[in-house]
Amino acid sequence: MKWMFLLYTNLFMVASLIADDSMESLINMYKNESKLSNITKRESAGYLELYTRDELEKMQAHNLLDVLKVVPSLILSKNEIGINGLSPLGGGTLPDASIRLYVNDHEMTSASYGSAFLVWADIPLEYIDHIEIYKVTSSIEFGNEVASLIVRVYTKKAEREEGSKIRLMASANGGYDTNIYNAHQLENGFSYFAYANKDTIKSDRYYNYRKGKRYTIKDDKKSYTLFANLAYKEWNVDIGSYAKKTDAYIGAGYFHTPSGKGIDTLQTYIHVEKKFAQNIKLQLSYDYINNDGIFRDENYIPITDGSSPGTKAVTPNIPPETWIVQDYEVYLHDTISSLILEKRFIAEKNNLLVGAFIKHKTFEDSAKLRSNVSHTPLGFTPYVVDINNENNSLNLYSLYFEENYYFDTNTQFVVSMKGDFYRYKKNIPNKDELIARVGAIKNISKLQIKAFASHLYTPATFLQLYSTREVPQKPNPRLKYPTQDLYTGSVRYKEKAQSIELSFSTTKIKNAIYYDMQNGYENKQTNNRYSIYQLSYKYLWNIGNKIYLDYSYGVTHGQVRINPNQMLLARIFNQYKKFDFYQELKYENSYDYFNTHLHASYGYTSAVKYHWNEDISIGFRGDNIFNTGYKEAYKRFNMTFPISEQRFWLNFEVVF
Amino acid sequence: MKKSIQILILLSLYSLLQAESISAEQKIYNLIFTGIFPHKYRVHVWVDDTKKREILSGMSKVIVVSSKKDADLLLVAKNFHIVSDKILFVSSYALLKHYRKSVVGGFYWKKGRPNLLFLRKNLSQHHITLPRSLQKYVEEEL
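For the protein sequence lines, the chains are A and B, in the order given. So for the first sequence, my numbering puts the first residue at 1; every next one is plus one. So for the second sequence, my numbering puts the first residue at 1001; every next one is plus one.
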C-alpha cells in the first residue's frame, strides 16, 4: 500500500508539473512557442546555429560579435586593419564573398568585397529579434548570391513591439552603447518600427616600439545605426544605414607602427518587398556603400603596384613594383541595385521555389600614396601618386529553383540548382557558373538523419580581379572562380528535454584564390580540403534553464594548420525568480601561426540581469573575464592580441 | 473495487499527462472562454482571421461559427469596423485601444511580450464575473 501511495504522489507531482496550466505559465509557454525564430528557421538549409531572442537577452549581447564568437566550429578572427572574419577550425579565414549576411530579406552585398559581411559583422543588436547561422550551406532558398555560410539576422516586428525601449550600456573603460526604438500599429493597417543606435567601443591599448619611439595600437570604434521598417498590408519596406569609424588597429605598415587614421565606412540601403497572390514575392533594393581606408605609418607602408619604379635594389625585404609610402589612402565606392522575383508552388507533397534575380553592381576604386622623405629609410624624394582609379560594373543574372519533396511524413528530399551569369561592363570575361545541391532528411522515431552534397563556387571580387601589376592596370583575365564540393551528414537523437547530434562536413576547394606579393591575387594550383566534426548536446530543464555543449574538431588534410582545430563550447542559461544568468566557456587548443606559438585559450564570459519589474531591468556582462580567451598573431609581429578583450559592461533597459 | 479505483486514478493521471498536446495559445483561449462563459460546455466564436480560425478549430470547447449573429463571442484580430452588441475580445493592442469602450478584453503583443487584459467596466456591462485565476488581469482602464 505504501508503494502505491508513493507512486500516486510521484505521478501527481509529475502531472502537476507538466500540466502547470496557470495563466502566467501558459503565457510564458505561448511566448516560447510563438518565437519568430520558429517561423523563419529552415532546418533543410544547412547546419543551423540558432540564437533566440530570449538567449540574446540573457546573454546581454549588444553587437553581432558577441554572437559570432560563440558559433561552434567557427573561429572569429580579425585582420591587421581590424576587419573581422570567420575561419573554420584549423583553416584560414573564409573569403568575404563566401559569407552572406542578411538583415531580414536584405542581403548585405558589396561589389568590392563580394559581401558586406565585413561591414556588418559588428552591428549593434538591440533591434534584432533573433539570429540564424547556417553553416556548410549552399541553399538557394534565401534567394542569395552563392555562399557557404549564411548569417541571417531578423529585426523585431512592430506587431509585437508596440511601445518604446531605451537601452544604455557602459563599459568600465569608458565605452558606451545607447539606443532607442519605437514601434506602433495604426488603425489603417500601417505599422512602423524605428530604431537608432550610437556606440563608442574602446579597445585596449597595445604599444609597439621602433627607433626609440612608441606607437599605439588600438581598435576603437564609433558607429551610428538607423533602421526603419514600414509595413502596410502586403507591402514591407526596410531602410537601414550603418556608419562607422574604426581605428587602423595594427595598420598596413611593414613594422606595425600605425600613426593614426583608420577606416570610415557607410552603407545605406532600402529594400521594398511586395507579396502577391499565388505565393509570388517581388523584392527591389538599392545599396550605397562608401569605404575610405586611410592608413599612416611613418616607418613605411609597402604598396604593391605596377606603376612603381621598383625598389628591389634598395632592400631585399621589399619586392619589386612596390611603393614605399607613409600615407596610403584607398577609396572604394559601390552601388548595388537588385530585383528579385520568386514564386512558390505548394502541393501536398511538394514545395517548389522558383526564382530569378538581377543585380547591377558598380565599383569605383582609387588610391592615393604619399611619401615623406624625411621619414623613409629609402632614398626617394617626396611624392604623391594616384594609383588604381578603376571603375567597372557587373550585371549578375541568376535563375534558381529549390524543390522540397515530402515522400512521407518522415522523409524529405531536397534538390536545388542555380545558374549565375556574370556580365561585366568591360575588360573582364563573362562567367557562367552553376551551383547544385541534393540532400535528404529522414526521421526515424526520435532520430533524425540528414545528408547533403553540394557543388558551389566563390566569385572573385572586383578587388581581387583588379590586383594585377600591369600599367595601366587591367583586371586579371586568368583568375578563375574557386569551386567547392561540400559533403555533409548528421545524426540527431532528440527527446523532449534533450538532444544529441553528431555532424560531419568535408569541403574540397579547387582554384582557391591567394595573394601573391608580386602578382596580386592568383589561383592556387593545388586543392584545399578541410573537414569538421561536431558533437552537440542540449538539455532543457524548462523554458528558462538550459545548457548547450558543443565539441568540434577540424582536420586540414595535410595543409598547414594556422588556427586551433579543437573547440569546446559550453553555454548555460538560467532563470531564478527575477534574475537571469548566462555563462559561456570556450576552450580552443594551442596552435602556431608562422613563428608564433599561441597557447590554448579558455574564454569565460558571464552575464547576470535583474528584472526590477516587467519593464525595467539592470544587468552586468563580463567578457573574457579572466583574460584567458582566444588570441591571434600576425605576420612579422611577435605580439599576440585577444579577439574578444576583457571587458565589463553595465546594462540598463527600460520599455515603455 | 479497490483495483478499479486505482485503475481510474492511473487513467486520469495518464490523461492529465496527455492533455498538453494542444498548444499554449489554445489553452489560453480555453481559460479565457471558460472564464467568460463558466456555464457553457461549448462556446460559439466568430473570428475574422484565418490563422486564429485554425487555432480555435482545434479546440474541443469551441465551435467556430461563420455568422456573427450565431456567436457568443467575437474574436477580432484585424477588423476595425465591427458594430455588434456581442461580447468582443481582441488580439491586438491597436484593436484594444479602438474598441476600448466595448471590448471585454484582449490577448495581444505589446513591448515584445504577450499580454492579457480585461476591462472591468465592459465586463460589468455584459454581467461577466471572471474566476479568481483571471482577476489579476482585470484593469479599470486601458
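Virtual Cβ for every residue (Gly too), placed ideally from N, Cα, C. Please read all numbers here as calculations on a predicted model, not as lab measurements.
With 16 or more other CB atoms across the displayed protein chains lying within 10 angstroms of its CB, G1106(B) is buried.
Here L1056(B) is buried, its C-beta having at least 16 other C-beta atoms within 10 Å.
Here the stretch 343-353 of chain A does not lie against the stretch 392-399 of chain A, with fewer than 3 beta-carbon pairs under 8 angstroms apart. Looking at the DSSP output, I444(A) shares a beta bridge with L447(A). Within chain B, the residues whose beta carbon sits less than 7 angstroms from that of Y30(A) are A1024, E1025, I1028 and P1114, listed in sequence order. Minimum Cα-Cα distance from A147(A) among the listed residues Q185(A), Y102(A) and R160(A) corresponds to Y102(A). In terms of beta-carbon proximity, V655(A) lines the interface with chain B, with at least one pair separated by less than 8 angstroms.
Fully enclosed beta strand (DSSP E) runs of no fewer than 3 residues occupy 262-276 of the stretch 252-282 of chain A, in order along the chain. Between K156(A) and chain B, the shortest Cβ-Cβ separation is below 8 angstroms. Not a single C-beta of chain A is nearer than 8 angstroms to the C-beta of K1101(B). K156, E159, R160, E161, E162, G163 and K165: these are the residues of the stretch 155-179 of chain A whose beta carbon lies less than 8 angstroms from some beta carbon of chain B, given in chain order. The distance from the Cβ of V272(A) to that of L486(A) is about 33 angstroms, inconsistent with a contact at the 8 angstroms cut-off. From the listed residues K213(A), Y207(A), L230(A) and A228(A), the smallest Cα separation to D219(A) is found for Y207(A). I543(A) sits close to N28(A), with the two beta carbons spaced by under 8 angstroms. Put simply, of F1033(B), L1095(B) and R1113(B) the residue whose alpha carbon is nearest the alpha carbon of L1142(B) is L1095(B).
About 20 angstroms separates the beta carbon of Y181(A) from that of T40(A), a gap too long to meet the 8 angstroms contact definition.
Here the alpha carbon of A607(A) sits roughly 16 angstroms from the alpha carbon of Y548(A). Against K1110(B), the close residues of chain A are E162 and G163, in the order they occur along the chain (beta-carbon pairs closer than 7 angstroms). Looking at the backbone, the Cα of G629(A) and that of G260(A) are separated by about 27 angstroms. Contacts with chain B at 8 angstroms (Cβ-Cβ) include M23(A). Beta bridge pairing from DSSP links H360(A) with S337(A) and N395(A). Within the same chain, and ignoring the five residues on either side of R370(A) in sequence, the residues whose Cβ sits closer than 7 angstroms to its Cβ are V325, Q326, D327 and V384.
Taking 8 angstroms as the upper bound for CB-CB distance, N395(A) and S366(A) are not in contact here, some 23 angstroms apart. For A1094(B), the chain A residues whose C-beta falls within less than 8 angstroms of its own C-beta are E162, Q185, L186 and E187, listed in chain order. Separation of F656(A) and I616(A) (C-alpha to C-alpha, rounded to the nearest whole angstrom) is 9 angstroms.
Contiguous beta strand (DSSP E) elements confined to the stretch 485-518 of chain A occur at 498-510 and 513-516, taking only those with 3 or more residues.
Here H1039(B) is exposed: its Cβ has fewer than 16 other Cβ atoms, across all protein chains shown, within 10 Å. Counting only runs of 3+ residues, the beta strand (DSSP E) found wholly inside the stretch 521-584 of chain A occupies 528-542, 545-555 and 566-576, in chain order. Under the 10 Å beta carbon count, W612(A) is surrounded by fewer than 16 other beta carbons and is classified as exposed. At a beta-carbon threshold of 9 angstroms, the residues of chain A lying near S1133(B) are S22 and M23, ordered along the chain. Secondary structure remark: continuous beta strand (DSSP E) runs of at least 3 residues inside the stretch 177-201 of chain A, in chain order: 190-201. Taking all protein chains shown into account, F579(A) has fewer than 16 neighbouring C-beta atoms within 10 Å of its C-beta and is therefore exposed. A residue is called buried when at least 16 other Cβ atoms come within 10 angstroms of its Cβ; E584(A) meets this threshold and is buried. Proximity of E495(A) to chain B, defined by a Cβ-Cβ separation below 8 angstroms, is not satisfied.
Bridge pairing for E107(A): Y102(A) [DSSP]. According to the DSSP secondary-structure assignment, M417(A) is paired through a beta bridge with F401(A) and A436(A).
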